[in-house]
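If you're matching positions, the sequence shown starts at 26 in the numbering used here and goes up one per residue. All residues carry an ideal CB built from backbone N, CA and C; glycine is no exception. The structure under discussion appears below in the form of structure tokens.
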Amino acid sequence: MGREILQHTKELAETMHLDVLYGDTDSRFVNSTASELSEALRISNEFKVVNEQYRKLEIDFDAIFQCLLLLQKKKYAAVKLGNGAETSIEVKGLDMKRREYCTFEEHFSVQQILSGEVSEIVVEQIHDYLFCVGENTRGGTLRLDEYVINKRLAKNPEDYPKAEGQPHV
26 MGREILQHTK
36 ELAETMHLDV
46 LYGDTDSRFV
56 NSTASELSEA
66 LRISNEFKVV
76 NEQYRKLEID
86 FDAIFQCLLL
96 LQKKKYAAVK
106 LGNGAETSIE
116 VKGLDMKRRE
126 YCTFEEHFSV
136 QQILSGEVSE
146 IVVEQIHDYL
156 FCVGENTRGG
166 TLRLDEYVIN
176 KRLAKNPEDY
186 PKAEGQPHV
């Protein structure tokens, strides 16, 4: 039944001339191209018509994203719209969410990528930043400790049942 509802929502999106960016067993990302929140909400509510055909599953929307960086299945960062003009960054499955990072990664943040700037400008900023990192690396001015990948544990080491099989523990 889950596949049926996903197929139905995909077909509905296509009839509404919307792009389906991603879909799996429990979610569907659709580009509404709406520039106003009220219009995006109206479009998301139109998808609820699918609920009339299914009794065991119900479709609802979780969030409206102003901007989305979708890397692959279950790995994305987005600017999430809240009440009024509120926005927040939502990150799923990316390194900074998994508590793995190296110091120089922090300098160019997801907030800059999702800043709302024109794509070409953001790409140019990323290129310039990476060029500087490369220059600093070749010139020996980037300290080696900035390449170290830091990991944080989610719990105390003794609380991991098979710590010997997990090098980070």
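Item	Value
Buried versus exposed, by CB contacts within 10 Å (16 or more), glycine 159	exposed
Three CB pairs or more closer than 8 Å across the region 35 to 47 and the region 79 to 89	no
Delimiting residues of the beta strand (DSSP E) encompassing aspartate 87	Where aspartate 87 is concerned, there is no enclosing beta strand (DSSP E), given that its DSSP letter is neither H nor E.
Inter-stretch contact at 8 Å, needing at least 3 Cβ pairs: the region 91 to 111 / the region 137 to 144	yes
Contact set for cysteine 92: own chain, Cβ-Cβ below 8 Å, skip 5 residues either direction	Ala103, Val104, Leu139 and Gly141
Whole-angstrom distance between glutamine 97 and alanine 188, CA atom to CA atom	30 Å
Backbone secondary structure at lysine 122 - three-state DSSP	With a pLDDT of only 49 at lysine 122, under the threshold of 50, the placement of this residue in the model should not be trusted, and no figure is reported.
Pairwise C-alpha distance: phenylalanine 54 and glutamate 64	16 Å
Helix, strand or coil at lysine 35 [DSSP, three-state]	helix
Run of the alpha helix (DSSP H) containing aspartate 153, from where it starts to where it stops	144 to 163
Buried or exposed by the 16-neighbour rule on C-beta atoms within 10 Å, applied to valine 148	exposed
Alpha carbon of threonine 166 to alpha carbon of cysteine 157, nearest angstrom	11 Å
CA-to-CA distance, leucine 62 to arginine 28, given in whole angstroms	29 Å
Neighbourhood of glutamate 183 by C-beta distance below 6 Å, restricted to the same chain and skipping five residues each side	none
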